[in-house]
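Only one structure is covered here, and it is reproduced in the block below.
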Amino acid sequence: MILGSHVSIRDGYLAAAKRAVANMATAFQYFPKNPRSLSIKIFDKEDAENCKKFCREHGIISVAHTPYSTSLTPDDNNLKQTVSSLLNDLEIANSCGSLGVVVHYGNQISKSDPLASYHLMLDVLNEVLHQWDGKAKILLENNAGTKGGLGTTLEELVQIRNLSQYPEKIGFCFDTCHAFASRLWDGENTKELIVKGKELDYWSQLKVIHLNNSKHPTGSRRDRHANILNSGHISEQAFESLILSPAIKDIPLILETPDDEGVTHDKEIQLLLQRWSEFG
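Here it is, written out as structure tokens:
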């Protein structure tokens, strides 16, 4: 079972990897730079290389996450900055040996043209990936559907990848809270979800799972994460039915759960490893 959490890079990339090991994790996620800015980061390449080496030595898998302000449907004023920021994120992730960079699916930008958002997303992705030749991938994350967010269905995620000029440079990130909030996955339809993902060839391109419970019921379209056990609206049985599925075996599980609501990430990792040790 490959399990970890989001960790801070306050003391550098190598320190983040060491924190993951201290938490008994075998994976971790990090923001490659200031999570509230699209500014380009001149990063310490030696630190990133040391992080990559450390992860290889300890069997740790890492993944980066774009800053909060990153959007694949930016307005005209932020278009160039968004492209540059994504390329910067990819460069940092690649230097750290990470799988890729998680980025949220885009939002609706036009009430009169329902396809405008998808066209813009493709333009942004093609512009970024035309300039990118590293191993790290763009990992499209499903949305909760808040405020008209797109990307709440597997069909949307797969279609954008298929229509892009560089599908081989794009993978997926599945967020359990987002899927529950959008009712893509209600905890009871796991078999149907797995079948649909196989039909669309979604699971073969899945690189990471955000393992989050939900503070609100399914279909709420509210993106509020809760701790996995005895905290949210997603039952332990529902989680087990999903993560024990052969379709997603060996996919890294990353906690983005609250770290200050009664259980810290290191404790939560230990609890889940004990509870789901049979996952192996």
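Quick note on my numbering: the sequence shown kicks off at 90 and runs consecutively. In this text, a Cβ means the ideal position worked out from N, Cα and C, and glycines have one as well. Model, not experiment: these values are computed from the prediction.
Compare the Cα-Cα distances from Asn370 to each of Pro335, Leu360, Arg310 and report the closest residue. This structure gives no information on residue 370, because the portion of the chain shown stretches from 90 to 369.
First through last residue of the alpha helix (DSSP H) which encompasses Ile91: Unbroken run through Ile91: none, as it is neither H nor E.
Chain-order list of residues whose beta-carbon lies under 7 Å from that of Ala371 (same chain, five-residue window excluded): There is no way to answer for residue 371, as the model of the chain reaches only from 90 to 369.
Could you tell me which of Phe120, Lys141, Gln254 sits nearest to Ile150, measuring between CA atoms? Lys141
How big is the Cα-Cα spacing for His219 and Glu257? Rounded to whole angstroms, the separation of the alpha carbons of Glu257 and His219 is 12 Å.
Quick one: is Tyr157 buried, meaning 16 or more other Cβ sit within 10 Å of its Cβ, or exposed? exposed
Residue environment, Gly351, which counts as buried when at least 16 other CB atoms sit within 10 Å: exposed
Only counting the same chain, and skipping five residues up and downstream in sequence, which positions put a Cβ closer than 8 Å to that of His305? Sequence-distant partners of His305 (beyond 5 residues in either direction) whose C-beta falls short of 8 Å from its own C-beta, in its chain, are Ala270, Arg311, Arg313, His322.
First and last residue of the alpha helix (DSSP H) that includes Val190? Counting along the chain, Val190 falls outside any alpha helix (DSSP H), though it belongs to the beta strand (DSSP E) covering 189-193.
Compare the Cα-Cα distances from Cys91 to each of Asp349, Val152, Asp100, Asn123 and report the closest residue. According to the sequence displayed, residue 91 carries Ile and not Cys. Considering only alpha carbons, the answer is Val152.
Can you tell me which residues form a DSSP beta bridge with His154? Looking at the DSSP assignment, His154 forms a beta bridge with Val191.
Under 8 Å, with one C-beta from each stretch per pair, do the stretch 323-330 and the stretch 95-105 reach the 3-pair mark? In short, these stretches do not touch, since the Cβ pair count stays below three.
Coarse secondary structure for Tyr207, derived from DSSP in three states: helix
Going by beta carbon distance, what residues of the same chain come within less than 7 Å of Lys285, once the five residues before and after it are set aside? Leu243
Roughly how many angstroms separate the alpha carbons of Ala114 and Ile358, rounded to a whole number? 7 Å
Report the three-state DSSP secondary structure of Gly276 (helix, strand or coil). Residue state, collapsed to three classes: coil.
Within 10 angstroms of the Cβ of Pro121, are there 16 or more other Cβ atoms? Answer buried if so, exposed if not. buried
What is the residue span of the alpha helix (DSSP H) that Val247 lies within? 243-252
Count the other CB atoms within 10 Å of the CB of Ser253; is the residue buried (16 or more) or exposed (fewer)? buried
Quick one: what does DSSP say Asn196 is sitting in, helix, strand or coil? strand
What did DSSP end up calling Cys144 once you bin it into helix, strand or coil? helix
Classify Ile131 as buried or exposed, calling it buried when 16 or more other Cβ atoms lie within 10 Å of its own Cβ. exposed
Anticipated Cβ contact below 8 Å, Leu295 with Ile343, distance rounded: Contact doesn't hold; Cβ gap of about 12 Å is too wide.
Assign Ser206 to buried or exposed, taking buried as 16 or more other Cβ atoms, counted over all protein chains shown, within 10 Å of its Cβ. Within 10 angstroms of the beta-carbon of Ser206 lie 16 or more other beta-carbons, which makes it buried.
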